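Novice: Protein chains in written order, with our numbering: chain A, 1455 to 1546; chain B, 4 to 507; chain C, 32 to 370. Ideal Cβ placement from N, Cα and C applies to all residues, glycine included. Computed from a predicted model, the values in this text were never measured in an experiment. Starting off with a structure, shown below.
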C-alpha cells in the first residue's frame, strides 16, 4: 500500500513538473512570437549550423560595433592621408 | 516627488505587421509587487523590454521618480536601478556562476596602466549575493553544472545583486520547484520591505493573487486597467484578459484512419544513448502524436527517419517497399516531409524571400526547357498557398524572417505541400505561435489527414496531443514505452508511460 | 522622444554608409582627380578602364559563388597564374626561339583555352570535394590549394618568365570590335566579360543551381533539410570558380604578352574586396552580379586615380591595402551589428 502511494506521489510530482514545463513553453511562445519579427531587437541566437572559422573566432574575441566604427574611421582617414601625400609627392 | 517609483505612459511599439504596444501604460509604487497579466501576445514582455532598454519605444515616455528618462540599453537601465530577470535564460554555461552574475559589469582592478577583472572580488561578491538569496552554490562552479531551475535562481540572484530600485520578474517560476518558489517569495518580500518596486509577470493565478499588491491587465497591446489584488478573483482576471468569447481550441476531426502504410521496425541510432529498438506503424489518414519528456529522443528518432541522423539498424517500409534513407533528399523523393523543431535554425532560409522558401524543395517542377526557372509558375504557386493557408505577407518577395512565427510555419508547410508528400513529420508544429495562428495550423493538419496523408506529430503540449491525435506513441529515454488511443488518452496515462524509465 | 528619432536616423545613416561608404569615397576621389587632371574624363581612359576591369570582373565572379556560400577561395590568384603560364606554354609562337615546349606543334588558341579551363576546373573540383566531403573549412582548404598550385606552376615553368606569343592569342586581349572607321571602340575583352556577366547573372537568378547556392549561404542546415544536395552544389561552385579564374588568367596573359610564376599573385584579395564592396557579404546568402561589377569598377577606378595623381607605387599599395581593410571591416560590422 505504501509502495503504491509513493509511486503515485512521484507521478504527481512528475505531472506537476510537466505542467511547469508546459507553462514554460507557453511563455516561450509569447517571447518567440515577438522575437520572430525583424527589427532593432536582441534576437535569440541566429541559425548556428556549421560555424564559420570567422564566426567561431569572433565568438571568442569581444569586439563591439563601436570599436569597429572607430577602426574604420581611422583607416579611412589614413587612406585620405596616404592619397594626399602621394599626390603631393607626385607633383614635385 | 511622485508617489510612483516608475511610470510608463502612452507607449507605442510597432514591429513590421504588428502593433505590439498600443498606448500601454504602467505605474509602479515603491515597495509593492505589481503583477502584469495578459494572454500570449498581449504585450507584457514587450513593455518590459522597453522599460529595460532592449527595445526603443516608437512613442511614449518613461518617468523615474517623477523625472523623464530615456533608457538607451540594458546597461543604462541597470545604471538607473532597473533590473530584469528574463523569461528565456541566456546562460553562458561554460563560464562560472560568478562570471554569469557579473557579466558585462565585472569588478575591475588597476594593475599599472591596465584594468583587469578582479576575480577575487567578483567571487566574494557573488558568494555574498548567493547567500542573500539563500542559495548555496559555489560561485566558481560552472553554470552548466546546475539544473535548469537552479540556473533560473542564479538569474534572479543576478538581478538582485544589481542593487536595484525596480525589479522585473518575467515568468520567474516557470522552471522552479515548489520549494524554490517559496524561497523566491521570501526574497520578494525582503525586497519589498527595502522599498524595491517589483513587476511580476506570470500566468499562474494562485501566485499572482498571493504575492501581488496591484494587478495590471493588458490585452492586444492595450492597457485594460489596474486593480488592487485583493479585489480580484481568478475568474475576474480571466474575463478581463480574454475580453472575448473563448472558442474551441482544436478543430473537429473528421479524418478516418485507413490501412497501415508505414512500418518502422527496430529502428536504432548509431549513438547507443539515443533512440533504440523503435517499432511502430502509421495508418493512412492518421495523426499519430508522439509524447515524451525532454530527452526522450523523439526529435532524434524523427531526424533519423528523415535522413538527418544515421541509424545502425532497423527498417522503414512504406506501402510494402523498404526505403533506404541516408539523407533528406532520399526521404523527400519517397514522399516524406519534415517540419523541424527549430524553424529558425533548420527550417526557414531567413535571408531569402517567401517565394524562394516555398519553391526550394520543388524547383524541378518549374523549369522551362529543363534549365531556366519559370518565375511566373513559382509566383502562381506562392499565391495559391498564400490564399489556401491564409499566409499574411505584403508580397512574395518579402524576406521570410520578417514574418511572424505562425506565418513562417505556414510557408514551410507550403514548401512541403508543393511536393505532395504522403507522410508528414511535424516536430512541435505550433511552438512559438500565437493562439489564433495555432488554430489555423491545427485546421491545416486536420485537412491533410482527411486527405489521406499520414501525420506524425511530436508535441510537448498535453492539450495539443490529446486534442489532435488519433493515437499517441509515448517515448522515454529513447525507447517506445507504449501506445494510447486518442479517445482514451489523458495526462496521467501519458505521463506514466513517459516516465517509465526515469530514475525513481 | 525626439532623441529616439534622432537615434534611429543615426542608425539608418550608419547602415547606409556601411553599404556605400567606399563607393562614395572613391567616387569623390575620381571627381577630384577628373577636375584637376587632364585626360581623366576621356575616351581612351574609359577604354583603358574597361580593359582592366574585364578580366578582374571574371575572376571576381568566380569568387562570388564561394563567398555567397559562406566560404572563400584563396587559391584564385595562383590559379590565374597557373592558367596564364599554361596558356603561355601552349600558345607561344612556333618560331619563337625561347619556346618552353619546342616539341609542341602549333596549338590553336581555342584548344589552349579549353585545356587550361579543364585543368583549373579539376583543381576547383578538388577544392569543392575537400570542402564538401572532408568538411575542411574553405579558408584552410583553398589556402592549401593555393600553395599546391603555386608549387606546380613553379615546377612546370622552372620559374622562368615566358613571352613570345602567337598573334592569334594576343589578339584576343588586344583586339577590338568595329575597329577602323570610328577608331577602337569595343575591346574583345569587354565582350567576353559581358558574356560571362550575363551567363553568371542567368545562373544566379534563373537556375536551380543559383537558388541552391543562395539557400546554402543563407542557412546550410535548413537547405539540407529542404533537400538541397549541398555537396554537389558546393563542388559545382568551386569548379566553376576555378574555370573562371582560368579564363581570367588566359586573358591576362594575352593582354600582358607574357606570364610568369608571379602572375596573378594576390588577385584573390582584390577579388574578395571587390565583391565585398559590391555587396557580396562574407556572411553568406546575399550578393548580385551587378554588385560584383560595381566593386571591381570601384577598385580599378581607384588604381587609375592614383596613377593620374602620379602617386608613388609604394603609397599605392598602402592605399589599396587600406581600402581592402575597410571593405572587410565594414562587412564584419554588418555581421556584428546583427548579433
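Under a CB-based cut-off of 8 Å, is residue 181 of chain C close to chain A?
Specialist: The sequence position of residue 181 of chain C within the third chain is 150, counting from 1. Chain A contact via Cβ: absent.
Novice: Return helix, strand or coil for residue 114 of chain C, following the three-state DSSP convention.
Specialist: Locating residue 114 of chain C in the third chain gives position 83, counting from the first residue. Reduced to three states, the DSSP call for residue 114 of chain C is helix.
Novice: What in chain C is Cβ-close to residue 424 of chain B, meaning under 7 Å?
Specialist: As a working note, residue 424 of chain B is residue 421 in the second chain. Within 7 Å Cβ-Cβ: nothing; residue 424 of chain B doesn't reach chain C, min ~11 Å.
Novice: For residue 6 of chain B, I'd like the list of residues in its chain whose CB is within less than 7 Å of its CB, leaving aside the five on either flank, ordered along the chain.
Specialist: For the purposes of this step, residue 6 of chain B is taken as residue 3 along the second chain, with counting starting at 1. The answer, listed in chain order, is 32.
Novice: Going by the DSSP bridge assignment, what does residue 67 of chain B pair with across the sheet?
Specialist: For the purposes of this step, residue 67 of chain B is taken as the residue at position 64 of the second chain. According to DSSP, which records beta bridges pairwise, residue 67 of chain B is partnered with B/9, B/70.
Novice: Measuring only between beta-carbons, confirm whether residue 1504 of chain A sits less than 8 Å from chain C.
Specialist: Taking the first residue of the first chain as position 1, residue 1504 of chain A is located at position 50. Confidence at residue 1504 of chain A is low in this model, with a pLDDT of 39, below 50, so the placement of that residue is unreliable and no value is reported for it.
Novice: Drop a sphere of 10 angstroms on the beta-carbon of residue 423 of chain B, count the other beta-carbons inside from all chains shown, and report buried for 16 or more, exposed for fewer.
Specialist: Working through the second chain from its first residue, we reach residue 423 of chain B at position 420. Exposed: under 16 other Cβ atoms inside 10 Å.
Novice: Span of the alpha helix (DSSP H) holding residue 160 of chain C?
Specialist: Numbered from 1 along the third chain, position 129 holds the residue referred to as residue 160 of chain C. 140–163 is the extent of the alpha helix (DSSP H) around residue 160 of chain C.
Novice: Is there a C-beta anywhere in chain F that falls below 8 Å from the one on residue 43 of chain C?
Specialist: The structure shown contains no chain F; the protein chains it does contain are A, B and C.
Novice: So what's residue 283 of chain C in DSSP terms, helix, strand or just coil?
Specialist: Stepping through the third chain from its first residue, residue 283 of chain C is reached at position 252. Here residue 283 of chain C sits in helix by DSSP.
Novice: When you check each C-beta in the stretch 186–206 of chain C against every C-beta of chain A, which residues fall closer than 9 Å?
Specialist: The residues in question: there are none.
Novice: State the DSSP-derived secondary structure class of residue 315 of chain C, mapped to helix, strand or coil.
Specialist: Translated into the one-based positions of the third chain, residue 315 of chain C becomes position 284. Coil, per DSSP.
Novice: Taking its Cβ as the centre, do 16 or more other Cβ atoms sit within 10 Å of residue 480 of chain B, making it buried, or is it exposed?
Specialist: On the second chain, position 477 is the one that residue 480 of chain B refers to. Buried.
Novice: Buried or exposed: residue 183 of chain B, going by 16 or more other Cβ atoms within 10 Å of its Cβ?
Specialist: For this step, residue 183 of chain B is matched to residue 180 along the second chain. It counts as buried.
Novice: State the start and end residues of the unbroken beta strand (DSSP E) segment that holds residue 229 of chain B.
Specialist: By 1-based counting over the second chain, the position of residue 229 of chain B is 226. Per DSSP, residue 229 of chain B belongs to the beta strand (DSSP E) from 225–231.
Novice: Among C/241, C/186, C/134, C/297, whose alpha-carbon lies nearest the alpha-carbon of residue 109 of chain C?
Specialist: As a first step, residue 109 of chain C must be located in the third chain, where it is residue number 78. Considering only alpha carbons, the answer is C/297.
Novice: Taking a contact to mean a Cβ-Cβ separation below 8 Å, would you say residue 524 of chain B touches residue 50 of chain B in this structure?
Specialist: Residue 524 of chain B lies beyond the range of chain B shown here (4 to 507); nothing can be said about it.
Novice: Terminal residues of the continuous alpha helix (DSSP H) containing residue 196 of chain B?
Specialist: Position 193 of the second chain, counted from the first residue, corresponds to residue 196 of chain B. Residues 181–196.
Novice: Return the chain-ordered list of same chain residues with a C-beta closer than 6 Å to the C-beta of residue 498 of chain B, the five sequence neighbours on each side being excluded.
Specialist: Stepping through the second chain from its first residue, residue 498 of chain B is reached at position 495. Excluding sequence neighbours, residue 498 of chain B sits near nothing in its chain.
Novice: Which chain A residues are close to residue 356 of chain C, counting only those with a beta carbon under 8 Å from its beta carbon?
Specialist: Mapped onto the third chain, residue 356 of chain C falls at position 325. The answer, in chain order, is 1529.
Novice: In chain order, what residues of the same chain have a beta carbon less than 6 Å from the beta carbon of residue 21 of chain B, not counting five sequence neighbours either side?
Specialist: Here residue 21 of chain B refers to the residue found at position 18 when the second chain is read from its first residue. Answer for residue 21 of chain B: no residue qualifies.
Novice: Using a beta-carbon distance cut-off of less than 9 Å, what residues from the stretch 116–130 of chain C approach chain B?
Specialist: The stretch 116–130 of chain C vs chain B, Cβ under 9 Å: nothing.
Novice: Rounded to a whole number of angstroms, what is the C-alpha to C-alpha distance between residue 390 of chain C and residue 105 of chain C?
Specialist: Only positions 32 to 370 of chain C appear in this structure, which leaves residue 390 of chain C out of reach.
Novice: At least one CB of chain C closer than 8 Å to the CB of residue 418 of chain B: is that the case?
Specialist: By 1-based counting over the second chain, the position of residue 418 of chain B is 415. Yes, contact with chain C.
Novice: Does any C-beta atom of chain C lie closer than 8 Å to the C-beta of residue 473 of chain B?
Specialist: On the second chain, position 470 is the one that residue 473 of chain B refers to. With 8 Å as the cut-off, residue 473 of chain B does not count as an interface residue toward chain C.
Novice: Output the distance between the C-alpha atoms of residue 98 of chain C and residue 363 of chain B, rounded to the nearest integer angstrom.
Specialist: As a working note, residue 98 of chain C is residue 67 in the third chain. As a working note, residue 363 of chain B is residue 360 in the second chain. Rounded to the nearest angstrom, the two C-alpha atoms are 20 Å apart.
Novice: Going residue by residue through the stretch 410–446 of chain B, where are the continuous beta strand (DSSP E) segments of at least 3 residues, counting only ones entirely within it?
Specialist: Fully enclosed beta strand (DSSP E) runs of 3 or longer: 426–430.
Novice: Quick check on residue 42 of chain B: does DSSP put it in helix, strand or coil?
Specialist: Numbered from its first residue, the second chain carries residue 42 of chain B at position 39. Here residue 42 of chain B sits in coil by DSSP.
Novice: Give me the Cα-Cα distance between residue 46 of chain B and residue 24 of chain B, rounded to the nearest whole angstrom.
Specialist: Looking up residue 46 of chain B in the second chain gives position 43. Looking up residue 24 of chain B in the second chain gives position 21. Distance between the alpha carbons of residue 46 of chain B and residue 24 of chain B is about 6 Å.
Novice: How about the stretch 313–331 of chain C and the stretch 246–256 of chain C: do they share at least three Cβ pairs that are nearer than 8 Å?
Specialist: Judged by Cβ distances under 8 Å, the stretch 313–331 of chain C makes contact with the stretch 246–256 of chain C, as three or more pairs qualify.
Novice: For residue 503 of chain B, which residues of its own chain have a beta-carbon under 7 Å away from its beta-carbon, when the five flanking residues on both sides are left out?
Specialist: Here residue 503 of chain B is taken as the residue at index 500 of the second chain, counted from 1. So the qualifying residues of the chain are 479, 484.
Novice: So which of B/353, B/157, B/98, B/29 has the shortest CA-CA distance to residue 179 of chain B?
Specialist: Looking up residue 179 of chain B in the second chain gives position 176. Measuring from the Cα of residue 179 of chain B, the nearest candidate turns out to be B/157.
Novice: Per DSSP, which residues does residue 512 of chain B bridge with? Please list them.
Specialist: Because chain B in this structure spans residues 4 to 507, residue 512 of chain B falls outside the shown range and cannot be described.
Novice: Only counting the same chain, and skipping five residues up and downstream in sequence, which positions put a Cβ closer than 7 Å to that of residue 394 of chain B?
Specialist: Numbered from its first residue, the second chain carries residue 394 of chain B at position 391. Result list for residue 394 of chain B: 388, 410, 413, 414, in chain order.
Novice: What does residue 1539 of chain A touch in chain C if you count any residue whose Cβ is under 8 Å from its own?
Specialist: As a working note, residue 1539 of chain A is residue 85 in the first chain. Residues of chain C passing the Cβ test: 346.
Novice: Run through chain A and tell me which residues come within less than 8 Å of residue 343 of chain C, C-beta to C-beta.
Specialist: Taking the first residue of the third chain as 1, we reach residue 343 of chain C at position 312. Those are 1540, 1543, 1544, listed as they occur along chain A.
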